[in-house]
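A quick write-up on the structure given underneath.
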Amino acid sequence: MDNNSPYLHPQYETLSRDELKALQLERLKKTVKHCMNSEFYRKRFANAGLSPDDIRSLDDLRKIPFTTKQDLRDTYPFGMASVPLPQCVRLHSSSGTTGNPTVILHTQRDLDEWANAVARCLWMVGLRPDDVFQNSSGYGMFTGGLGFQYGAERLGALTVPAAAGNSLRQIKFIKDFGTTAIHAVPSYVTRLYEVMQQEGVDPRRDTKLKVLAIGAEPHSEEQRRRIEQMLGVKAYNSFGMSEMCGPGVGFECKEQNGLHFWEDYYIVEIINPETLEPVADGEIGELVLTTLNREAMPLLRYRTRDLTRVLGHSCPCGRNHIRLDRMRGRSDDMIVLRGVNIFPIQIETILMQFKELASNYLITLTTDADNDNMTVEVELEELFTDDYQRLVALEKEIKHRLKDEILLTPHVRLVPKGTLPVSEGKAVRVVDKRKVYQ
Ligand code: AMP
Ligand code: ZN
């Protein structure tokens, strides 16, 4: 492993499992004590009859009650702070669809450690100070902007804070500045490629791109492979969430065999969301994270709602940080249609296997004559609307394959490329227009 950067705590990257656990325990005890500075956790512990001294082993973590997004909303805006407000230098906030937004506070040290974590991820996939890193995330409250910005600067790359949208300008920057690496949400990469095609830009011939970091939204392995093929680069899955800091929580190494979650920064648990008990390695469950080195707003056993599973604890790359499968989606994203549970990613996985189909799709749920239905609209790679029979056969085959996967037959509509909406941030894949009967 080539890891001689002074910034990235390389000594923590290759710890053995036992060393990692020892470090986690030391940091957990410290974190729990520090949490007692927050009114929220003081009350939580008191209500549970728990004292920080009760946490003597990693297993004792399970004595601590879970923290939820609702807790963040209830303590809005600053009720979870574990340091006095004047020590904080930034906050990020997510709007959320209902109730109060959530607020995450950072001290300068938190921001430094966050930058280190992102730099570590980028270094891991081959970025070096002579790289040119372009960030096409929105800057602002969305942590994908500033998070990658400071991480790439910390690594020493030349950074291009292009921000979201304006594909023509993005492409010009990529060409003129010799961009070698990009961070983007996966749904935006496919859009960028379409514009490259329209402009006659061949990424292999006309750009120096070699690495993509894609994340912030669920995407299938098929989607990733497509993106790699389009741009002729390696695309690495990047997991982040504002509550943990932002990007830099989990990232794929060059083996592309799951996300390394940094266990010197977080304790990872996977639980059954119904029973709240841990699931066996390899079984899908809800990701629960405990922060280990945050100052302003440490979180204990935070229920992320993201569903994933443990793939392993070692890797040919030499890192022993836990490897998790790509996120299947959030439990809140699960569609329940006529009693069947469906994740949008299952639908994407099937669609992306058809070479006739482009990458953009939209799932709409409606109630027609008292029946709930699903319509899957997907863009065609090429227009062959004149060949009606071919269209009908393709639609039929897609329906058939979807039925095998999701056990329901949706309506399928094939639409010309460029017709479905593209959002600048995270893609909206599901529109639910069903009537709700009380
Ligand atoms: P936010 O805090 O608004 O940036 O959203 C964080 C959420 O985005 C996570 O809880 C996940 O649901 C989703 N997310 C982030 N990165 C990924 C990824 N690589 N794959 C799938 N979902 C992701
Ligand atoms: Zn690895």
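When you line the sequence shown up against the working numbering, it's residues 2 to 439, in that order. Cβ coordinates follow ideal geometry from the N, Cα and C atoms, glycine included. Only a predicted model underlies this, so the values are computations on that prediction, with no experimental measurement involved.
Identify the residues that DSSP records as bridge partners of residue i: which are they?
i      : result
Tyr237 : Ala214
Tyr362 : Val379
Thr108 : Cys89
Asn342 : Val337
Glu253 : Leu260
Phe134 : Thr160 and Ala182
Ser94  : Val104
Pro248 : Gly241
Asp369 : Asn372
Asp68  : A quick correction: the sequence has Thr, not Asp, at residue 68. Answer is Tyr303.
Beta-carbon of residue i versus every beta-carbon of chain B: anything under 8 Å?
i     : result
Ser58 : Chain labels in this structure do not include chain B; a single protein chain is all it has.
Relative to the alpha-carbon of residue i, which residue among the options has its alpha-carbon at the smallest distance?
i      : options                           : result
Pro87  : Gln71, Ser17, Glu270 and Ala297   : Ala297
Phe79  : Asn238, Asn38, Trp115 and Glu114  : Asn38
Ala214 : Asn48, His322, Gly201 and Pro187  : Pro187
Gly179 : Asn372, Arg192, Arg205 and Ala185 : Arg205
Glu161 : Gln135, Gly127 and Tyr140         : Here residue 161 turns out to be Val, not Glu, going by the sequence shown. The residue with the shortest Cα to Cα distance from Val161 is Gln135.
Leu301 : Arg28, Gln12 and Ala23            : Arg28
Ile343 : Gly313, Asn372, Thr410 and Thr103 : Thr410
Ile336 : Asp265, Gly283, Asn361 and Leu408 : Leu408
Leu312 : Leu26, Gly283 and Thr208          : Gly283
Pro53  : Thr32, Leu73 and Val269           : Thr32
Val431 : Thr376, Leu159, Lys356 and Asn321 : Thr376
Val416 : Leu358, Gly286 and Ala428         : Leu358
Asp265 : Lys209, Glu114, Lys400 and Leu24  : Leu24
Ala153 : Lys34, Trp115 and Gly201          : Trp115
Leu92  : Gly148, Asp61 and Leu51           : Gly148
Gly233 : Tyr194, Ser424 and Gly141         : Tyr194
Gly247 : Thr144, Leu421 and Glu229         : Thr144
Gly249 : Lys235, Asn361 and Tyr267         : Tyr267
Val380 : Gly419, Gln354, Arg402 and Ile228 : The sequence shown places Glu at residue 380, not Val. Ranking Gly419, Gln354, Arg402 and Ile228 by Cα distance to Glu380 puts Gly419 first.
Asp131 : Ile105, Met142, Tyr151 and Ala158 : Ala158
Ala217 : Lys434, Val429 and Lys436         : Val429
Ala370 : Leu308, Lys436, Leu363 and Ala281 : Lys436
Ile184 : Pro422, Thr367 and Ala164         : The amino acid occupying residue 184 in the given sequence is His; Ile does not appear at that position. Of the candidates Pro422, Thr367 and Ala164, the one whose C-alpha sits nearest the C-alpha of His184 is Ala164.
Lys209 : Lys404, Leu338, Asp177 and Gly50  : Asp177
Gln12  : Gly201, Tyr237, Thr191 and Trp263 : Trp263
Gly241 : Asp307, Gln230, Glu275 and Ile271 : Asp307
Ala82  : Glu244, Pro274, Pro219 and Ile364 : Glu244
Lys434 : Asn374, Gln230, Lys70 and Asp405  : Asn374
Leu26  : Leu62, His35 and Asn117           : Leu62
Ile364 : Gly319, Leu395, Arg192 and Leu421 : Leu421
Leu288 : Arg331, Glu256 and Leu338         : Arg331
Tyr189 : Ser138, Asn48, Cys36 and Val126   : Ser138
Quick one: give me the first and last residue of the beta strand (DSSP E) that residue i is part of.
i      : result
Ile183 : Ala182 to Ala185
Tyr267 : Tyr267 to Ile272
Val431 : Val431 to Asp433
Alpha helix (DSSP H) containing residue i: first to last residue?
i      : result
Gly152 : Thr144 to Leu156
Ala47  : Glu40 to Asn48
Tyr77  : First-last for Tyr77: undefined, no H or E at that position.
Thr15  : Where Thr15 is concerned, there is no enclosing alpha helix (DSSP H), given that its DSSP letter is neither H nor E.
Leu169 : Ser168 to Asp177
Arg225 : Glu222 to Leu232
Arg57  : That residue, Arg57, is in no alpha helix (DSSP H); it is neither H nor E in DSSP.
Pro219 : No alpha helix (DSSP H) contains Pro219, which DSSP labels as neither H nor E.
Arg129 : It is not in any alpha helix (DSSP H) - Arg129 carries neither H nor E in the DSSP assignment.
Asp203 : Note, Asp203: premise wrong, no alpha helix (DSSP H); not H, not E.
Does the beta carbon of residue i fall short of 7 Å from some heavy atom of the ligand MG?
i      : result
Cys254 : For the structure depicted, the ligand MG is absent and the ligand set comprises only the ligand AMP and the ligand ZN.
*Please go through the region 387-423 and give each complete alpha helix (DSSP H) segment of 4 or more residues, from N-terminal end onward.*
389-407
*asked:* So, does the region 118-132 touch the region 170-178, judging by three or more C-beta pairs under 8 Å?
replied: no
*Could you give the uninterrupted runs of the beta strand (DSSP E) lying entirely in the region 268-332, keeping only those of 3 residues or more?*
286-292, 303-309 and 311-313
_Three or more C-beta pairs below 8 Å linking the region 104-119 and the region 57-67_ = no
*Can at least three beta-carbon pairs, one atom from the region 283-293 and one from the region 38-50, be found at a separation below 8 Å?*
no
*asked:* Can you confirm whether the region 222-233 touches the region 350-369 when touching is taken to mean that 3 or more C-beta pairs between the two stretches lie within less than 8 Å?
replied: yes
*Determine contact between the region 318-334 and the region 384-401, defined as no fewer than three beta-carbon pairs at a distance below 8 Å.*
no
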